[in-house]
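Trainee:
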Amino acid sequence: MVRRMLRISEENDRVIREFHEACGPGAKEGGFGRVFRSPTLFEDMVKCILLCNCTWPRTLSMARALCELQLEMQSHSTSEVFHPQTPQPRELKRKRARGKKTVLTLEAKFTNNEAKSSEEANLVIKNDHQPEHPQGNEACESILSDTGDFSNIIGDFPTPEELANLDPQFLAKRCGVGYRARRIISLAKSIVDGTLRLRDLEQVCDGCVSSSYEELDKQLAGINGFGPFTRANVLMCMGFYEKIPADTETLRHLRMVHGRSCTMKSVQKDLEAVYGKYGRFQFLAYWSELWDYYETRFGNFSEMSACDYPLFTAANMRKKVSKRKHMN
């Protein structure tokens, strides 16, 4: 699991060495090239769905809500009462909730609570257009003072088995994922029933050659809701770096840093013009450049609180962010 998250393998080491050679001494000196990913391909795929048609704070809010839901399902499966202020060590371990009975119980509880107090329910249900999320260290410190630690109030990312039997409307409301609920549940069901074999997909990407990219892209295109942007992100997580997933953040970067007057229709041509020289490492070159740009603006990400993550958006690029340490 950790090896996958940190891309620790001889193949990844080889890719990083070749990337450093292709990009010159700057990339090696900066230590860039090992892009973090999730413990499982399923988690990567769901998070790529969460990136579509929304802001970065919204994506974080939805991902967090899924982890909170997983903890609720876990608690119901073990007939234990979850007390956020006095968590037991065992509650932090990964436990897998299985079976439709647990899901139906949780849905019934959610529905009953919603009927009893719409005001209380609104604290849980994220608005589909403008979800609430922590703003800065003040919100973070407030939460931490009540619970002790973020890890004590959320669970693990849910597994396909935990999501497959959920009602789409329930998931959409509980986690604020909107239309994405049906796509997430459909993906989970296809994995549970064996229609989609993730291990087979990951075996195809061994070596990460162009022919494998095209083959996997074709397979992913057959999954409900997996358009070009989602597929490109999933393939990047699987180790293919020759294509750059383009969104509004990509447009902003090309305009601000490279002076390109690009649109979503022309962005692929502009990306090729700027990063084509890096060949199959185009995404790594783009991402290292983008990452350095953000850290120059906001400071070293590894030294920041998780509550600051929603601030790392294009909307804040021109704003002065106080108390940040800038890299020289």
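If you read the sequence shown in this note's numbering, its first letter stands for residue 48, the second for the next number, and so on. Beta carbons: idealized from backbone N, C-alpha and C, even for Gly.
Can you grab the Cα-Cα spacing for the pair Ala269 / Ala362, in whole Å?
Mentor: In the sequence on display, residue 269 carries Gly and not Ala. Using only the alpha carbons, I get a separation of about 34 Å.
Trainee: Under three-state DSSP, which class holds Val82?
Mentor: Three-state result, Val82: coil.
Trainee: Once DSSP output is grouped into helix, strand and coil, what is the label at His130?
Mentor: Low per-residue confidence applies at His130: pLDDT is 36, beneath 50, and the placement is therefore not dependable, though the value from the model is reported in the following sentence. If DSSP states are grouped into helix, strand and coil, His130 belongs with coil.
Trainee: Can you tell me which of the three DSSP states Gly272 falls into?
Mentor: Residue state, collapsed to three classes: coil.
Trainee: Report the three-state DSSP secondary structure of Arg54 (helix, strand or coil).
Mentor: Coil, per DSSP.
Trainee: Report the three-state DSSP secondary structure of Asn100 (helix, strand or coil).
Mentor: Asn100: coil per DSSP, three-state reduction.
Trainee: Quick one: what's got a C-beta closer than 8 Å to Gly37's C-beta in the same chain, skipping five residues either side?
Mentor: Lying outside 48 to 375, the shown extent of the chain, residue 37 is not represented and no answer is given.
Trainee: By Cβ distance below 8 Å, which residues in the same chain neighbour Tyr226 in space, the five residues on each side in sequence not counted?
Mentor: Around Tyr226: Ala219.
Trainee: Quick check: the region 343-360 against the region 312-324, are at least 3 beta-carbon pairs closer than 8 Å?
Mentor: No, because fewer than three Cβ pairs between the region 312-324 and the region 343-360 fall closer than 8 Å, the two stretches do not touch.
Trainee: Nearest to Met303 by alpha carbon, out of Glu350, Phe328, Leu267 and Tyr341?
Mentor: With distances taken between Cα atoms, Met303 lies closest to Tyr341.
Trainee: If you draw a straight line from the alpha carbon of Thr297 to that of Asn59, how long is it in whole angstroms?
Mentor: Between Thr297 and Asn59, the C-alpha separation is close to 25 Å.
Trainee: Within its chain, find whatever has a CB closer than 6 Å to the CB of Val62; leave out the 5 residues flanking it on each side and keep chain order.
Mentor: Counting only Cβ-Cβ distances below 6 Å, and skipping sequence neighbours, we find nothing.
Trainee: Compute the Euclidean distance between the alpha carbons of Glu249 and Arg51, then round it to the nearest angstrom.
Mentor: One C-alpha to the other measures close to 11 Å.
Trainee: Is Phe66 buried or exposed, if buried means 16 or more other CB atoms sit within 10 Å of its CB?
Mentor: Under this definition Phe66 is a buried residue.
Trainee: Rounded to a whole number of angstroms, what is the C-alpha to C-alpha distance between Ile55 and Pro86?
Mentor: Whole-angstrom Cα-Cα distance: 12 Å.
Trainee: If distances are taken between C-alpha atoms only, which option among Leu282, Arg64, Ile232 and Leu116 comes closest to Cys252?
Mentor: Selected option, being the one with the closest Cα: Leu282.
Trainee: How about Ile232 and Leu245: do their beta carbons lie closer than 7 Å?
Mentor: Cβ distance not < 7 Å, so Ile232 and Leu245 don't count as in contact.
Trainee: Please indicate yes or no: does the CB of Arg230 lie closer than 6 Å to some heavy atom of the ligand MG?
Mentor: As far as ligands go, the structure on display features none, and thus does not contain the ligand MG.
Trainee: How big is the Cα-Cα spacing for Phe328 and Leu88?
Mentor: About 21 Å.
Trainee: For a quick check, are the C-beta atoms of Asp294 and Arg278 less than 7 Å apart?
Mentor: In this structure, Arg278 does not lie closer than 7 Å to Asp294 by Cβ.
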